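Going by the numbering used here, the first residue of the sequence shown is number -1, and it counts up by one from there.
To keep things clear, I will list the structure first and then write my remarks on it.
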Amino acid sequence: MFSRILVANRGEVALRVIRACNELGIETVAVYSQADSNTKYLECADDAVCIGPGPASESYLNVPRIIAAAEITNVDAIHPGYGFLAERAHFSQAVQEAGLVFVGPRPDTIQAMGDKTEARRRMEAAGVPIVPGVTTALESPGEAERVALEVGYPVLLKAAAGGGGKGMRVVREPEEVARAFEAAAREAQAAFGDDSVYLERYLDAPRHVEIQVMGDRFGKVLHFGERECSIQRRHQKLVEEAPSPVITPELRARMGEAAVRAAEAVDYLGAGTVEFLFKDGEFFFLEMNTRLQVEHPVTEMVYGQDLVELQLRVASGEPLDLDQDTLVPAGHAMECRITSEDPFQGFFPSAGRIDYIRLPGGPGVRWDGGVLPGVEVGLHYDPLLGKLIVHAPTRESAIRRMSRALEELVIRGVETCIPLHQRIMMERDFRKGDLSIQYLEDHPELLEGMEEEEVLRAASVVAALLEESEKDNLKLEPATGGMGQGFSHWKRAGWPFRGRG
Ligand code: MV4
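This is how it looks when you write it as structure tokens:
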């Protein structure tokens, strides 16, 4: 096992990796930008190195500075976390060339999965179901027209260098294909410096279900079941859960075997995720993410495994000491991503100084967060403040537990999406498990701000409570963050939904 590791990331994922290292007796070196000098993850590391100014290109994305920080602190390995450099083949390569271990897949694997047409070719060869369509880039608008007719409308044009939704175009009529092809190619060129575009059958309102995999240096690959990640906005996931409400043990075994074949086809090392679209009982390979993912905790909770510990063990050369047959999910886990965005103002990013945090606790509640009171939340980086994760025996009890924990959680100083999560937990289709990637578009009422009448009623309740507390000469903390945070006093008085069953 390693004796000292550099964590090339920030915030909650840096803390997650440092915690795993602390349990394993591995020393940690954190890196930080000048914008991050007083955050929580730094305090938990054994050493910390400033790698540059706030802009990510000059700090967390700067390969020479990170390698230099690793060299002066004498580490054995670098863990990239997720985002930033986690899926850059050249970083994995540079770490190796510096004589260090990259905690993640080999450069060739990252490269192969980064090219979406090559990924489709490899998956097809490995017998993994792919969405019907082409597996090489389209040469011309004319070819796009011919192929679209064969594949059948509607079709989706995608950038070969893409992923995460950039440069996609839905086409419903043959007359539109040529123009859409030109537009998609231009967009792909601008976004990725590569104008290659390919085409697939467009699936309407599928679910996003993904399988967690882990590979060791001896060619063994295991899967850890699925996560249901359908609830998202603009490709940013909001709520994830495991298991999926629609995946039976038989389907889990079939999807898991497909994901293991996918990983084996690219000589997979470390933690990875095979994404599928799921519709009408069928599943189709979408992409493979060659990293640990934000939502990995829901898998950890139901499988009772520490995925970061496993990453570190396989990276250091240990074999995976588990059998697929013994990996069976227990209970139900759910995660809400807590971001500094105002869901009722178009998810407008919110900046400010965090002046108060009250964290939830109790049975089956986990908080993976990277912020502390006093921390300045800026606009340099991703808005993720932390993740609230619960584990309970059934999906119904997990939803009740999440509602309870969301009510306990208070973050003041920035707007957050906590009130939206509270509404989702109460929403009928969510409760039934009736989900798709269209969920938020299908439920616009969840994003509506409060009616004026409701605001006035809430304000009068708050005023009455304040008057009461003054009368008793008590200094009461509001139960949640006040007006911006879900009108908790009102909710206790019966808004917006009562039921707890
Ligand atoms: C699709 C699709 C429907 N049909 N492919 C979006 C991100 C990119 N990685 C692939 N994406 C999609 N590919 C076919 N053939 C719908 C999406 C999609 C999506 C997929 C997963 C999670 C959220 C999504 C949101 C919008 C569109």
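Cβ atoms here follow ideal geometry from the backbone N, Cα and C, with glycine treated the same way.
The structure presented is a predicted model; accordingly, all values stated were derived computationally and were not measured.
Cα-Cα separation between glycine 502 and lysine 156, rounded to whole angstroms: The structure shown does not extend to residue 502, since the chain is modelled only from -1 to 499, so the question has no answer here.
Terminal residues of the beta strand (DSSP E) in which serine 395 lies: One-based indexing of the sequence shown puts residue 395 at position 397. Where serine 395 is concerned, there is no enclosing beta strand (DSSP E), although the alpha helix (DSSP H) it sits in stretches over 393 to 406.
Residue environment, leucine 370, which counts as buried when at least 16 other CB atoms sit within 10 Å: On the sequence shown, position 372 is the one that residue 370 refers to. Burial call: exposed.
The stretch 36 to 43 contacting the stretch 67 to 76, beta-carbon criterion three pairs below 8 Å: no
With 16 other Cβ atoms within 10 Å as the buried cut-off, status of arginine 232: Locating residue 232 in the sequence shown gives position 234, counting from the first residue. Result: exposed.
For valine 244 and glycine 431, believed in contact at Cβ under 8 Å, the rounded distance: Walking along the sequence shown from the start, residue 431 turns up at place 433. Walking along the sequence shown from the start, residue 244 turns up at place 246. With 8 Å as the limit, glycine 431 and valine 244 qualify as a contact, their Cβ atoms being about 7 Å apart.
Range covered by the beta strand (DSSP E) that runs through threonine 503: Only positions -1 to 499 of the chain appear in the structure, and residue 503 is not among them; the question remains open.
For phenylalanine 89 and proline 78, believed in contact at Cβ under 8 Å, the rounded distance: Within the sequence shown, the letter at position 80 stands for residue 78. Within the sequence shown, the letter at position 91 stands for residue 89. The pair is a contact, with the Cβ atoms about 7 Å apart (cut-off 8 Å).
Contacts around aspartate 214, its chain only, beta-carbon distance under 6 Å, and the 5 residues preceding and following it disregarded: Here residue 214 refers to the residue found at position 216 when the sequence shown is read from its first residue. Counting only Cβ-Cβ distances below 6 Å, and skipping sequence neighbours, we find Val312, Pro317 and Leu318.
N- and C-terminal bounds of the alpha helix (DSSP H) containing glycine 102: Taking the first residue of the sequence shown as position 1, residue 102 is located at position 104. Counting along the chain, glycine 102 falls outside any alpha helix (DSSP H), and DSSP gives it neither H nor E.
Rounded straight-line distance, which links the Cα of arginine 421 to that of tryptophan 493: The residue given as residue 493 occupies position 495 in the sequence shown. The residue given as residue 421 occupies position 423 in the sequence shown. With a pLDDT of 38 at tryptophan 493, under the threshold of 50, the modelled position of this residue cannot be trusted, and the question is left open.
Contact test: tyrosine 39 Cβ vs the ligand MV4 heavy atom, cutoff 6 Å: One-based indexing of the sequence shown puts residue 39 at position 41. Tyrosine 39: no, Cβ never under 6 Å from the ligand MV4.
Contained alpha helix (DSSP H) runs [length at least 4] in the stretch 153 to 229, N- to C-terminal order: 175 to 190
Beta-bridge partners of alanine 28, as assigned by DSSP: Locating residue 28 in the sequence shown gives position 30, where the first residue counts as 1. DSSP output for alanine 28 lists Val5 and Ala46 as bridge partner(s).
Residue range of the unbroken alpha helix (DSSP H) whose run includes valine 61: By 1-based counting over the sequence shown, the position of residue 61 is 63. That run of the alpha helix (DSSP H) goes 61 to 71.
With 16 other Cβ atoms within 10 Å as the buried cut-off, status of threonine 503: An answer regarding residue 503 cannot be provided, because it is not within the stretch -1 to 499 covered by the chain.
Inter-residue Cα distance where the pair is serine 60 and alanine 33: Working through the sequence shown from its first residue, we reach residue 60 at position 62. Working through the sequence shown from its first residue, we reach residue 33 at position 35. The sequence as given places asparagine at residue 60; serine does not occur at that position. Taking the straight line from one Cα to the other gives about 15 Å.
Span of the beta strand (DSSP E) around glutamine 234: Numbered from 1 along the sequence shown, position 236 holds the residue referred to as residue 234. From DSSP, the beta strand (DSSP E) with glutamine 234 extends over 234 to 240.
Backbone CA spacing between valine 211 and aspartate 380 [nearest angstrom]: Here residue 211 corresponds to residue number 213 of the sequence shown, with the count starting at 1. Here residue 380 corresponds to residue number 382 of the sequence shown, with the count starting at 1. Approximately 25 Å between the Cα atoms of the pair.
C-alpha gap between glycine 97 and aspartate 202, whole angstroms: For the purposes of this step, residue 97 is taken as the residue at position 99 of the sequence shown. For the purposes of this step, residue 202 is taken as the residue at position 204 of the sequence shown. Going from the Cα of glycine 97 to the Cα of aspartate 202 covers about 47 Å.
Contact test: glutamine 436 Cβ vs the ligand MV4 heavy atom, cutoff 6 Å: For the purposes of this step, residue 436 is taken as residue 438 along the sequence shown, with counting starting at 1. The answer is no for glutamine 436.
Same chain, Cβ closer than 6 Å to proline 476, neighbours up to 5 away in sequence not counted: Residue mapping note: residue 476 aligns to position 478 of the sequence shown, counting from 1. The predicted position of proline 476 is uncertain, since its pLDDT is 43 and thus under 50; no value can be drawn from it.
Proximal residues to glutamine 362 (C-beta, below 6 Å), its chain only, five neighbours per side dropped: In the sequence shown, counting from the first residue as 1, residue 362 sits at position 364. The question names glutamine, but residue 362 is glycine in the sequence shown. Cβ neighbours of glycine 362 beyond the five flanking positions: Val388, His389, Ala390 and Arg399.
Best match in Val264, Phe274 and Gln234 for proximity to methionine 253 [C-alpha to C-alpha]: Counting from 1 along the sequence shown, the entry for residue 253 is found at position 255. Selected option, being the one with the closest Cα: Phe274.
Simplified DSSP assignment, three categories, for leucine 370: Residue mapping note: residue 370 aligns to position 372 of the sequence shown, counting from 1. DSSP places leucine 370 in coil when its eight states are reduced to three.
Option nearest cysteine 334 by Cα separation, candidates Glu293, Phe190 and His206: Along the sequence shown, read from residue 1 onward, the residue named residue 334 stands at position 336. It is Glu293 whose Cα lies nearest to the Cα of cysteine 334.
Under 7 Å between C-beta atoms of tryptophan 365 and leucine 377: In the sequence shown, counting from the first residue as 1, residue 365 sits at position 367. In the sequence shown, counting from the first residue as 1, residue 377 sits at position 379. No; because the gap between Cβ atoms is not below 7 Å, this pair is not in contact.
Contact belief for glycine 9 with leucine 382 at Cβ below 8 Å, rounded distance in angstroms: On the sequence shown, residue 9 is found 11 positions in, with the first residue counted as 1. On the sequence shown, residue 382 is found 384 positions in, with the first residue counted as 1. Confirmed, about 7 Å.
Glycine 112 (DSSP reduced to helix, strand or coil): Within the sequence shown, numbered from 1, the residue matching residue 112 stands at position 114. The answer is helix: DSSP assigns glycine 112 an H, G or I state.
Three-state secondary structure assigned by DSSP to isoleucine 416: By one-based count along the sequence shown, residue 416 stands at place 418. Helix.
As assigned by DSSP and simplified to three states, the class of serine 486: Within the sequence shown, numbered from 1, the residue matching residue 486 stands at position 488. Any reading at serine 486 must be qualified, since the residue scores a pLDDT of 40, below 50, and its modelled position is unreliable; the value itself is stated next. DSSP places serine 486 in helix when its eight states are reduced to three.
beta-carbon glutamine 309 near the ligand MV4 non-hydrogen atom, thresh 6 Å: Within the sequence shown, residue 309 is the residue found at index 311, counting from 1. False, no ligand heavy atom lies under 6 Å from that Cβ.
C-alpha distance - tyrosine 30 paired with glutamate 280, whole-angstrom precision: Taking the sequence shown and counting its residues from 1, the one referred to as residue 30 is at position 32. Taking the sequence shown and counting its residues from 1, the one referred to as residue 280 is at position 282. Roughly 44 Å between the two C-alpha positions.
Completely contained alpha helix (DSSP H) runs for the stretch 294 to 373, where each covers 4 or more residues: 294 to 301 and 305 to 313
Cβ-Cβ distance between leucine 154 and tyrosine 200 below 7 Å: Position 156 of the sequence shown, counting from 1, holds the residue named residue 154. Position 202 of the sequence shown, counting from 1, holds the residue named residue 200. In this structure, tyrosine 200 lies closer than 7 Å to leucine 154 by Cβ.
Cβ-heavy atom distance, leucine 154 to the ligand MV4, below 6 Å: Taking the sequence shown and counting its residues from 1, one reaches residue 154 at position 156. It does: the Cβ of leucine 154 is within 6 Å (strictly closer) of some heavy atom of the ligand MV4.
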